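Trainee: Residues in the sequence shown are numbered from 4 upward in steps of one, following our numbering.
For each residue, glycine too, the CB sits at the ideal point set by N, CA and C.
Because the structure is a prediction, the values reported are computed rather than measured.
I'd like to ask you about the structure that follows.
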Amino acid sequence: MSIDTLLVVNAGSSSLKFHVYALDQEQVEGLRFWFGGQVSGIGTSRAVLKVKDSDGKELINQKLSEEEASNLRQAQDLLATWLATQLDKAPVAVGHRIVHGGVKMTGSRVIDNDVLWYLDSLAPLAPLHQHNNLAPVSVIKERWPEMLQVACVDTAFHCCQSTMVNHYALPEKYYEQGVRRYGFHGLSYQYISEYLAANIPRLHQGRVLVAHLGSGASATMVVDGLSRESTMGFTALDGLPMATRPGRLDAGVVLWWMQQQDMTAAQIQNLLYNESGLKGISGISGDMRELLASDAPSAKLAVDYYAYRVAESLAGLCVSAQGVDALVFTAGVGEHSPEIRARIVAHLGWLGLELDAEANTANQPLISTPRSKVEIRVIPTNEELVIARETLRHYNEQ
4 MSIDTLLVVN AGSSSLKFHV YALDQEQVEG LRFWFGGQVS GIGTSRAVLK
54 VKDSDGKELI NQKLSEEEAS NLRQAQDLLA TWLATQLDKA PVAVGHRIVH
104 GGVKMTGSRV IDNDVLWYLD SLAPLAPLHQ HNNLAPVSVI KERWPEMLQV
154 ACVDTAFHCC QSTMVNHYAL PEKYYEQGVR RYGFHGLSYQ YISEYLAANI
204 PRLHQGRVLV AHLGSGASAT MVVDGLSRES TMGFTALDGL PMATRPGRLD
254 AGVVLWWMQQ QDMTAAQIQN LLYNESGLKG ISGISGDMRE LLASDAPSAK
304 LAVDYYAYRV AESLAGLCVS AQGVDALVFT AGVGEHSPEI RARIVAHLGW
354 LGLELDAEAN TANQPLISTP RSKVEIRVIP TNEELVIARE TLRHYNEQ
């Protein structure tokens, strides 16, 4: 039997992630996750294609030669060829994760030439992500010109923030030109908001701090399901320290590099996006697992700095809601590192947070004690499902 499918794509500089959903009217949302995976290590000798189905069964785990995945375009071609062996016809629509939506993209949009041009013009604001996010759009457009493609942007969830919150203290002309706080990881926050609405409505109606802690990291205060304030700003460099990005940084440091070190814009960009954060402090790695396993003093400093700065930012976000009812940890580090969660919460005891050590170590969904004044939860994020939902909505509206 022929099955209609949706394809969700998240393309990065060294990885190409994808999920395939079957359109299934027997499911509440009309979607059923079928299989998904990624081509990782693109451009290296460690390139591999891994795919698992909805039951976690491995469908393929194939090491790739450097010639097969030397760049993103080759990885896309390889993935398209493999997908053709699994699907009896092309997907009915494709949803793309796009990091920056600028001022105009306040929600998901069907991609036409104007939308594609606008998103591409935002690449300087997300140099690590935007061009890579958009690369599959052009490839798919070449192969299937009539294919419905949808852009789901990470900034859209935050478009409801107040004008005061999204301002910088700069001449107003720059705000009018788009220099403002956008916030990122919006697809993740949207998923958490929708999850709470469906499963824990009392929290959805409250004041929820969400800490999205992955290789990229940010935090957002969500009130009544909407973004009130977030730690990231104009670009994905701001806010919390990350694997290779510094987070909050005095702009005077950039001036010092230019004036005293004669560094070029390209050198500064590379330093800020690829050589800073946990990797920069430790001199070892941006991977939290490696740092926690290391005895090096620099690794300890990086971990301590991370936990302190995350806690500091979480506390600051409470001002926007005049309090907090729950703290949710999500994304790679947030979901899988009990030690980091414990270190962060240890800085927030004065806010009434109390961690249940046993539940935390066991990665339970609820990790606060009954005495805690703030509920603490771990909720796995699912940005791909949000993209699939948005793509299906546009498909049904055709």
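(1) Tell me the rounded alpha-carbon separation between Val54 and Gly40.
(2) Hey, out of Ser297, Glu149 and Ile370, whose CA is closest to Ala362's CA?
(3) Is the distance from the Cβ of Leu354 to the Cβ of Ser375 below 7 Å?
(4) Buried or exposed for Pro139, please, with buried defined as at least 16 other CB atoms from any protein chain shown within 10 angstroms of its CB.
(5) Starting from Asn64, trace the beta strand (DSSP E) both ways and give me its first and last residue.
(6) Going by DSSP in three states, Lys53 sits in which element: helix, strand or coil?
(7) Tell me which same chain residues have a C-beta within less than 7 Å of the C-beta of Gly228, skipping the five on either side of it?
(8) So for Gly335, helix, strand or coil by DSSP?
(9) Quick check: the stretch 125-142 against the stretch 378-389, are at least 3 beta-carbon pairs closer than 8 Å?
(10) With 16 other CB atoms within 10 Å as the buried threshold, where does Asp307 fall?
(11) Could you tell me which residues DSSP pairs with Ala220 in its beta bridges?
(12) Identify, in the order they occur along the chain, each residue of the same chain with its Cβ nearer than 7 Å to the Cβ of Ser316, setting aside the five sequence neighbours on each side.
(13) Find the nearest neighbour of Val168 within the set Gln77, Val156, Leu320 and Ala310, judged by alpha-carbon distance.
(14) Along the chain, where does the alpha helix (DSSP H) containing Ser18 start, and where does it finish?
(15) Assuming Gly289 contacts Leu281 (C-beta within less than 8 Å), just tell me the rounded distance between them.
(16) Please list, in chain order, all residues of the same chain as Ser301 whose beta carbon is under 6 Å from its beta carbon, the five residues on each side excluded.
(17) For Arg100, report the span of its beta strand (DSSP E) as first-last.
(18) Using C-beta distances below 8 Å, list every residue in its chain close to Gln164, excluding the 5 sequence neighbours before and after it, in chain order.
(19) Closest to Ser340 by C-alpha separation, out of Met291, Ile114 and Val331, would be which residue?
(20) DSSP three-state call for Ile267: helix, strand or coil?
(21) Can you give me the Cβ contacts of Val313 inside the same chain, cut-off strictly under 6 Å, excluding the 5 residues immediately before and after it?
(22) Among residues of its own chain, excluding the 5 on either side of Thr109, which ones have a beta-carbon nearer than 7 Å to its beta-carbon?
(23) What is the DSSP secondary structure of Val327, reduced to helix, strand or coil?
(24) What residue does the beta strand (DSSP E) around Val381 start on, and which one ends it?
(25) Which whole-angstrom value describes the C-beta separation of Gly98 and Thr394, a residue pair presumed to lie in contact below a C-beta threshold of 8 Å?
(26) Take Ala96 and list the residues in its own chain whose beta-carbon comes closer than 6 Å to its own, dropping the five residues that flank it on each side.
(27) Just mark Leu173 as buried or exposed, buried being the case when its beta carbon has 16 or more other beta carbons within 10 Å.
(28) By how many angstroms is the C-alpha of Leu26 removed from the C-alpha of Val156?
(29) Among residues of its own chain, excluding the 5 on either side of Val1, which ones have a beta-carbon nearer than 7 Å to its beta-carbon?
(30) Assuming Glu342 and Arg100 are in contact, meaning their beta carbons sit under 8 Å apart, how far apart are those beta carbons, in whole angstroms?
(31) Beta strand (DSSP E) containing Arg231: first to last residue?
(32) Could you name the residues that DSSP lists as bridge partners for Phe36?
(33) Please report the straight-line C-alpha distance between Asn136 and Gly250, rounded to a whole angstrom.
(34) Among the residues of its own chain, which have a CB less than 8 Å from the CB of Asp328, if the five just before and after it don't count?
(35) How close, in whole Å, do the beta carbons of Gln77 and Glu71 come, if the pair is a contact with beta carbons under 8 Å?
(36) Could you tell me whether the Cβ of Thr223 comes closer than 7 Å to any Cβ of chain D?
Mentor: Looking at the coordinates:
(1) Counted from its first residue, the sequence shown places residue 54 at position 51. Counted from its first residue, the sequence shown places residue 40 at position 37. Rounded to the nearest angstrom, the gap between the Cα atoms of Val54 and Gly40 is 4 Å.
(2) Here residue 362 corresponds to residue number 359 of the sequence shown, with the count starting at 1. Comparing Cα-Cα distances from Ala362 to each of Ser297, Glu149 and Ile370, the minimum goes to Ile370.
(3) Indexing the sequence shown from 1 puts residue 354 at position 351. Indexing the sequence shown from 1 puts residue 375 at position 372. Note that the C-beta distance between Leu354 and Ser375 is not below 7 Å.
(4) Taking the first residue of the sequence shown as position 1, residue 139 is located at position 136. It is buried - the Cβ of Pro139 has at least 16 other Cβ atoms within 10 Å.
(5) Locating residue 64 in the sequence shown gives position 61, counting from the first residue. Secondary structure note for Asn64: its beta strand (DSSP E) is the uninterrupted segment Glu61 to Lys66.
(6) Counted from its first residue, the sequence shown places residue 53 at position 50. If DSSP states are grouped into helix, strand and coil, Lys53 belongs with the strands.
(7) Mapped onto the sequence shown, residue 228 falls at position 225. The beta carbon of Gly228 sits closer than 7 Å to those of Ser196, Ala200 and His207, all from its chain and outside the five residues before and after it, given in chain order.
(8) For this step, residue 335 is matched to residue 332 along the sequence shown. When secondary structure is reduced to three states using DSSP, Gly335 falls in the helix class.
(9) Result no; under three Cβ-Cβ pairs closer than 8 Å.
(10) Working through the sequence shown from its first residue, we reach residue 307 at position 304. Exposed is the call here.
(11) Counting from one through the sequence shown, the residue named residue 220 turns up at place 217. DSSP lists Leu216 as partners of Ala220.
(12) Here residue 316 is taken as the residue at index 313 of the sequence shown, counted from 1. Contacts found: Ala222, Thr234, Gly242 and Leu243.
(13) The residue labelled residue 168 in the question sits at position 165 within the sequence shown. Closest by alpha carbon: Leu320.
(14) Counting from 1 along the sequence shown, the entry for residue 18 is found at position 15. Careful: Ser18 lies outside any alpha helix (DSSP H), inside the beta strand (DSSP E) at Ser18 to Leu26.
(15) Looking up residue 289 in the sequence shown gives position 286. Looking up residue 281 in the sequence shown gives position 278. In this structure, Gly289 and Leu281 form a Cβ contact; the two beta carbons are roughly 5 Å apart against a cut-off of 8 Å.
(16) Stepping through the sequence shown from its first residue, residue 301 is reached at position 298. In the same chain as Ser301, and ignoring 5 residues on each side of it, the C-beta atoms closer than 6 Å to its own belong to Ser285 and Gly286, in chain order.
(17) Numbered from its first residue, the sequence shown carries residue 100 at position 97. First-last of the beta strand (DSSP E) with Arg100: Ala96 to Ile101.
(18) For the purposes of this step, residue 164 is identified with residue 161 of the sequence shown, where counting begins at 1. Exclusion of the five residues before and after Gln164 leaves Arg184, Gly186, Ser230, Arg231, Glu232 and Ser233 as the residues of its chain whose Cβ lies within less than 8 Å of its Cβ.
(19) Walking along the sequence shown from the start, residue 340 turns up at place 337. The option with the nearest alpha carbon to Ser340 is Met291.
(20) Translated into the one-based positions of the sequence shown, residue 267 becomes position 264. A quick correction: the sequence has Thr, not Ile, at residue 267. Looking at Thr267 - three-state DSSP - the assignment turns out to be coil, as it is neither helix nor strand.
(21) The residue you call residue 313 lines up with position 310 of the sequence shown. Taking Val313 as the centre and dropping the five residues before and after it, the same chain places the C-beta of Leu243 and Ile347 closer than 6 Å to its C-beta, in chain order.
(22) By 1-based counting over the sequence shown, the position of residue 109 is 106. Only Ala159 and Cys162 meet the Cβ criterion.
(23) One-based indexing of the sequence shown puts residue 327 at position 324. Look at Val327 here: in three-state DSSP terms it is coil, with no helix or strand label.
(24) Numbered from 1 along the sequence shown, position 378 holds the residue referred to as residue 381. Note, Val381: beta strand (DSSP E), Glu378 to Val381.
(25) Position 95 of the sequence shown, counting from 1, holds the residue named residue 98. Position 391 of the sequence shown, counting from 1, holds the residue named residue 394. That belief holds up - the Cβ atoms of Gly98 and Thr394 are roughly 3 Å apart, short of 8 Å.
(26) Counted from its first residue, the sequence shown places residue 96 at position 93. Leu9, Leu151, Thr394 and Tyr398, listed in sequence order.
(27) As a first step, residue 173 must be located in the sequence shown, where it is residue number 170. Leu173 comes out exposed.
(28) Locating residue 156 in the sequence shown gives position 153, counting from the first residue. Locating residue 26 in the sequence shown gives position 23, counting from the first residue. Answer to the nearest angstrom: the Cα atoms are 23 Å apart.
(29) There is no way to answer for residue 1, as the model of the chain reaches only from 4 to 401.
(30) Numbered from 1 along the sequence shown, position 339 holds the residue referred to as residue 342. Numbered from 1 along the sequence shown, position 97 holds the residue referred to as residue 100. About 29 Å; that fails the 8 Å criterion.
(31) Here residue 231 refers to the residue found at position 228 of the sequence shown. Start and end: Leu229 to Ser233.
(32) Within the sequence shown, the letter at position 33 stands for residue 36. DSSP output for Phe36 lists Tyr24 as bridge partner(s).
(33) Position 133 of the sequence shown, counting from 1, holds the residue named residue 136. Position 247 of the sequence shown, counting from 1, holds the residue named residue 250. Rounded to the nearest angstrom, the two C-alpha atoms are 22 Å apart.
(34) Within the sequence shown, numbered from 1, the residue matching residue 328 stands at position 325. Non-local beta-carbon contacts of Asp328 in its own chain, meaning distances under 8 Å to residues more than five positions away in sequence, involve Leu206, Gly209, Arg210, Val211, Val377 and Glu378 in chain order.
(35) For the purposes of this step, residue 77 is identified with residue 74 of the sequence shown, where counting begins at 1. For the purposes of this step, residue 71 is identified with residue 68 of the sequence shown, where counting begins at 1. With a beta-carbon spacing of about 6 Å, Gln77 and Glu71 fall inside the 8 Å limit used to define contacts.
(36) The structure shown contains no chain D, having only a single protein chain.
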